[in-house]
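In this note's numbering, the protein residues as written are 123 to 480. Idealized CB from N, CA, C, for every residue including glycine.
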Ligand SMILES: Nc1ncnc2c1ncn2[C@@H]1O[C@H](COP(=O)(O)OP(=O)(O)OP(=O)(O)O)[C@@H](O)[C@H]1O
Ligand SMILES: [Mg+2]
């Protein structure tokens, strides 16, 4: 009998298993009717153990849930929210925002718990994505506006150069031509991701790493050790190989540049590490499987002053840097529905590329 009840509950609430938020459905007495997969994970307890037990016991202060449930039953409210701590098997209690809503069966209540740290991260990610979109649009329009008159400026300077005889004056026209060329290169890089078509084929992430490795070693042949830590079980996936090589190269190139002092000291190291991640959330979406590619270096770390902005265009912490490498890398990875995250401290900087796997 009990089994039949829980079987039908798991069927009715099956869709909750696809959510990353923690969900419990309880009856009017506060006993668990259903617990979703995310909640099982978070508590470190199986659904079977939870079902039928008093859900209040999963909180540091069981009475609060009791009060909330009583309130839910006596008042006709739509939703109720408060913050609480969930007890976990072998971890510290997890701070969550609890939302209680009435289910479709009279006495049932749906209890949704969003981990607070996750909520903060989500809010931040969402803000960054919106900001990045607005930035991209601005940059693209600006680049077009700069590009149009540039050709004219350069052409006019060339004509002028043919007319003037004085050497001094020719120097001036050459400055104009040279600077116009420099701007042209910058503008071309700004527009690059929008220009090249996205060419899709089967991508092997380890081939991508190997290509990047050989390019970096060709540029820094001495004093740089590149370590590989690959998970060979990672499947091929559909994507644009050249774009992913460029994205990884931009990241690895930064690492090699940041390692100048370590290279001089003889212990500079970059590690390419690949892993499969399960049940991850990024770009506001939940993915069952994703590829993780870490590019880790033992350099001084990203300067604190620019840490929050390194993916923004024209932000550079380095003499002679244009601040476009990471912007481009992020754009290319986003075209694969992925994201690049950075975790950096002195001695260890980890750039992580996440891309959904089928
Ligand atoms: N691995 C790293 N270690 C330390 N700092 C880094 C690392 N990667 C990036 N940075 C910092 O982030 C900044 C932005 O990097 P980004 O690649 O976008 O631009 P850039 O390297 O300055 O110029 P560009 O790549 O366009 O030539 C760098 O200037 C550097 O200060
Ligand atoms: Mg760079």
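- One Cα belongs to residue 210, the other to residue 235, and the distance between them is close to 14 Å.
- Partner residues in the beta bridge of residue 393, as assigned by DSSP, are 349, 418.
- The DSSP-derived three-state label of residue 286 is coil.
- A Cβ-Cβ separation of about 5 Å places residue 144 in contact with residue 160 under the 8 Å criterion.
- Distances from the CB of residue 479 to the heavy atoms of ligand 2 are all 8 Å or more.
- Straight-line measurement puts the Cα of residue 231 at about 16 Å from the Cα of residue 136.
- In the three-state reduction of the DSSP assignment, residue 226 falls in the coil class, being assigned neither a helical nor a strand state.
- Counting of Cβ neighbours within 10 angstroms places residue 300 among the exposed residues, the total staying below 16.
- Residue 463 sits in a strand when the DSSP states are folded into three classes.
- Distance from the CA of residue 405 to the CA of residue 476, rounded to the nearest whole angstrom, comes to 10 Å.
- The way I'd put it, the region 286-304 doesn't touch the region 332-348; fewer than three beta-carbon pairs between them come closer than 8 Å.
- With contacts defined by Cβ atoms closer than 9 Å, residue 218 and residue 177 do not form a contacting pair.
- For residue 275, same chain residues with a beta-carbon under 8 Å away, outside a window of 5 residues either side, are 298, 302 in chain order.
- With contacts defined by Cβ atoms closer than 9 Å, residue 397 and residue 414 form a contacting pair.
- The beta carbons of residue 153 and residue 175 sit closer together than 9 Å.
- In the structure shown, the three-state DSSP call for residue 186 is helix.
- Across the structure, residue 260 and residue 214 are spaced so that their CA atoms are roughly 45 Å apart.
- At a cut-off of 4 residues, the continuous stretches assigned as alpha helix (DSSP H) that sit fully inside the region 297-385 are 327-341, 363-380.
- Under the three-state reduction of DSSP, residue 214 is assigned to coil, being neither helix nor strand.
- Judged by pairs of C-beta atoms under 8 Å, the region 374-387 does not touch the region 302-315, as fewer than three such pairs exist.
- Taking the Cβ atoms as the reference, residue 216 lies roughly 5 Å from residue 208, within the contact range of under 8 Å.
- Where residue 427 is concerned, there is no enclosing beta strand (DSSP E), because DSSP gives it neither an H nor an E.
- Under the rule that a run must span 3 or more residues, the beta strand (DSSP E) segments found entirely inside the region 123-177 read 144-148, 154-157.
- The beta carbon of residue 421 sits no closer than 8 Å to any heavy atom of ligand 2.
- Distances from the CB of residue 416 to the heavy atoms of ligand 1 are all 8 Å or more.
- The residues 158, 159, in chain order, have a CB closer than 6 Å to that of residue 139 in the same chain once the five nearest residues on each side in sequence are set aside.
- Any heavy atom of ligand 2 within less than 5 Å of a residue's beta carbon puts that residue on the list, which reads 376, 447.
- Measuring C-alpha to C-alpha distances from residue 269 to each of 343, 313, 294, 293 identifies 313 as the nearest.
- Sequence-distant partners of residue 379 (beyond 5 residues in either direction) whose C-beta falls short of 6 Å from its own C-beta are missing from its chain.
- Using a Cβ distance threshold of 9 Å, residue 458 and residue 407 do not count as a contacting pair.
- Per DSSP, the continuous beta strand (DSSP E) segment holding residue 473 begins and ends at 470-478.
- Less than 9 Å divides the Cβ of residue 479 from the Cβ of residue 359.
- A straight line joining the alpha-carbon of residue 466 with that of residue 443 spans about 19 Å.
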